[in-house]
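So the structure is just underneath, and the comments pick up after that.
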Amino acid sequence: LDAMKGYVEEYLKSNPIGIKCKDIQDEVKYTVFVSVSDGKKRARVCHASAADFEASFMKVREKVRTVIDKYSLTPVWIKIDVVDFVQKVPFANLKKIFLSVKYKDFFRMGFSLDPWMDIAFLEAEANSYGLYDYSVIPMKASKPGHENVPCINTEQVEKYLGWNGRPCSPVILPFVYFFNCKSFFMDTDKEIYMLYNAGMHCGRRTIGELTPEFVREILTTSSQYLTRQMLPSDKFIYGYFSRFNAVMTSYNILRHTGTVWSMMCAYEVTGDNSLLETINKAIDYLLTQISYKDNETAFVVEAGSREIKLGGNGIAVIALTKHMEVFGDRDFTDMITLLANGILYLQDKETGKMTHVLDAANFEVKEAFRTVYYDGESAYALIKAYDITGNNAYLDAARRSIDYFINKNYVVYRDHWLAYAMNEFTRFVHEEKYYTFALRNAWENRERIRKQQTSYHTYLELLMETYDIYLRIKEQNISGDYINQIDEDEFVEIIKHRAFHMLDGYFYPEYAMYMERPDKILGSFFVRHDDFRARIDDNQHFIDGYAKYYKLILHNGE
């Protein structure tokens, strides 16, 4: 902490700051927060205010010493925040401010309930402990009784104050004081990082260009996170709502299978042998979930619901072919054939349309359509099955599906699985209409993708698979009216923007330290607006996108 003090003081010499709000009392110029965590439990946060940084720091330093002794902490992460901007807002105006916030937990300022910064909370505290009530925002406003919420959850504030050793009943004054900070974080390597202090990146370390070493590191940590989720049953812990370490008890064989596929994608980049046991156990578990209609046709069964899902067969074929490609030590050709035949069974041979869900007990149709993702998964799987077996029936079926997608303008769905399918399909079928459709899937959605506030993890996959197609088109000197419209510089700029922006959903320690159990989710990926959800399939999509980013953007030295 003392070493960090020197770093912050040097920074303040060249970047002098003070509270820029005339409504804060004149004698309060510096408010300093210090957060400490042992890496296993939620960070304890202390703060103090004084006329200068030195005085504020010494006051908060003594508080930190008391907290460390009281809770027998051995801090491994330390964060210092110095308030540098305050905005005074009438309490009656909070609803208007929160109505402008599109997603839960996306208001990225801390707040104080008094002008002296006594009852004050960092942004990370407010969002990780549910001190803000987002019920008023448009996506929640339809729920009855949420029309007049105060936006500050005073009951949760009191609970948090008590937990953090600051018992008092907050008095709601006519104003709330929102604030930003200059923030500094020390990791276990004793390196000090400046953090972004506002906007969507708020609270994570500042970085430059994404380097190959950096991307390999996040692929390593997120895939190792998945290994830690494997249970003795060879299933995974499905996920956590990280805010309060709530474990998800449901299960989904599609997500299980997609997870092991992503681990193989990570392995291709990292060569991390610690993944191998988990990969093989997860594949073995998948093979126990197969039901046979006859000697030529098999389906993956969702055990809980006793359902056969089109996407289950699709992602199983994708995973098994990936295992053969990456390792070559197990021959799944027979099983791939049986599962691909199951996909053929679900296709209308005239229209190319797929049936999505069967009852596993009798193979009768349960739902004709469930999610568009099943369509892209099954088309991709058929082409992978063709590549392994050489059976033209699978390529013909994939063509029928893709023609159906074109007729129904599947571009509107921005489906990453469709991008995977088109990338694979155009390796075998070289027709302009298929190249055009593949490019439209990303290019016509580029502004929505660029402006998406959430990390929306499948967008990087969509971009990378489509860019792979574009590079192959260029290499083969293929031209066409639509193809020639693509601006490669803009394409790459959007890809890099998304790859950078998605790090807002990566559990750096400076994010994880404010969750209930940092050690469980450190180095994984999460979804902020769903209680900081860290689910195996969330990590799957991040991993797949970054693995392809590494191969196409970084590994080639661009």
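Numbering (the numbering used here), first residue to last: -11 to 546. All residues carry an ideal CB built from backbone N, CA and C; glycine is no exception.
- Under the three-state reduction of DSSP, TYR122 is assigned to coil, being neither helix nor strand.
- If you keep only unbroken alpha helix (DSSP H) runs of at least 4 residues inside the segment 61 to 95, you get 82 to 87.
- Around the beta carbon of PRO155, fewer than 16 other beta carbons lie within 10 angstroms, which makes this residue exposed.
- If only uninterrupted alpha helix (DSSP H) runs of at least 4 residues are considered, those enclosed by the segment 213 to 294 are 241 to 258 and 264 to 275.
- VAL33 sits in a strand when the DSSP states are folded into three classes.
- Boundaries of the beta strand (DSSP E) around GLY98: 98 to 100.
- Taking the Cα of PHE479 as reference, the smallest distance to any Cα among ASP492, ARG428 and GLU284 is reached at ARG428.
- ASN185 and TYR255 have their C-alpha atoms spaced approximately 34 Å apart.
- At a Cβ-Cβ threshold of 8 Å, ASP93 and TYR59 do not count as neighbours.
- Inclusion of TYR470 and THR424 in the CB contact set at 8 Å is warranted, their separation being smaller than that value.
- In this structure, ALA356 sits away from SER389, with a CB-CB distance that is not shorter than 8 Å.
- Taking 8 Å as the cut-off, the beta carbon of VAL159 is found no closer than this to the beta carbon of LEU119.
- About 16 Å separates the CB atoms of GLY340 and ASP403; that is not less than 8 Å, and the two are not in contact.
- Counting the other CB atoms within 10 Å of its CB gives PHE315 a total below 16, which places it among the exposed residues.
- Excluding residues up to 5 positions away in sequence, SER25, PRO497 and MET501 lie with their Cβ nearer than 6 Å to the Cβ of TRP65 in the same chain.
- As a beta-bridge residue in DSSP terms, THR19 pairs with SER37.
- Per DSSP, ARG154 lies in no beta strand (DSSP E) segment and is marked neither H nor E.
- Under the Cβ criterion (8 Å, minimum of three pairs), the segment 252 to 267 counts as touching the segment 203 to 216.
- In the DSSP assignment, no residue is bridged to PHE416.
- Taking every protein chain shown into account, the CB of VAL235 has fewer than 16 other CB atoms within 10 angstroms, so this residue is exposed.
- Remark: C-beta atoms of TYR228 and ILE509 approach each other more closely than 8 Å.
- Listed in chain order, the non-local C-beta contacts of ALA114 below 7 Å within the same chain comprise GLY98, PHE99 and TYR120, local neighbours out to five positions each way being set aside.
- Approximately 23 Å separates the beta-carbon atoms of LYS29 and ALA36; this is outside 8 Å, ruling out the contact.
- In the three-state DSSP reduction, ILE180 falls in the strand class (E or B).
- Beyond the five residues adjoining it in sequence on each side, GLU453 comes within less than 6 Å, by CB distance, of ALA407, TYR408 and ASN411 in the same chain, given in chain order.
- Following the DSSP letters along the chain, one finds GLU113 inside the alpha helix (DSSP H) bounded by residues 111 to 116.
- Per DSSP, VAL305 is one residue of the alpha helix (DSSP H) stretching across 298 to 314.
- Counting other Cβ atoms within 10 Å of its Cβ, VAL400 stays below 16 and is therefore classed as exposed.
- In this structure, TYR499 sits away from ARG231, with a CB-CB distance that is not shorter than 8 Å.
- Per DSSP, the continuous alpha helix (DSSP H) segment holding MET452 begins and ends at 446 to 463.
- Note that the C-beta distance between ASN301 and VAL288 is below 8 Å.
- Your pair LEU370 and ILE331 checks out as a contact, with CB atoms roughly 6 Å apart and the cut at 8 Å.
- The beta-carbon separation of PHE530 and HIS418, rounded to 32 Å, does not stay under the 8 Å limit for a contact.
- Counted as a single uninterrupted DSSP element, the stretch harbouring PHE173 is not any alpha helix (DSSP H) but the beta strand (DSSP E) occupying residues 163 to 174.
- Beyond the five residues adjoining it in sequence on each side, LEU0 comes within less than 7 Å, by CB distance, of PHE41 in the same chain, given in chain order.
- Contact between GLY299 and TYR361 holds, with the beta-carbon distance rounding to 6 Å and staying under 8 Å.
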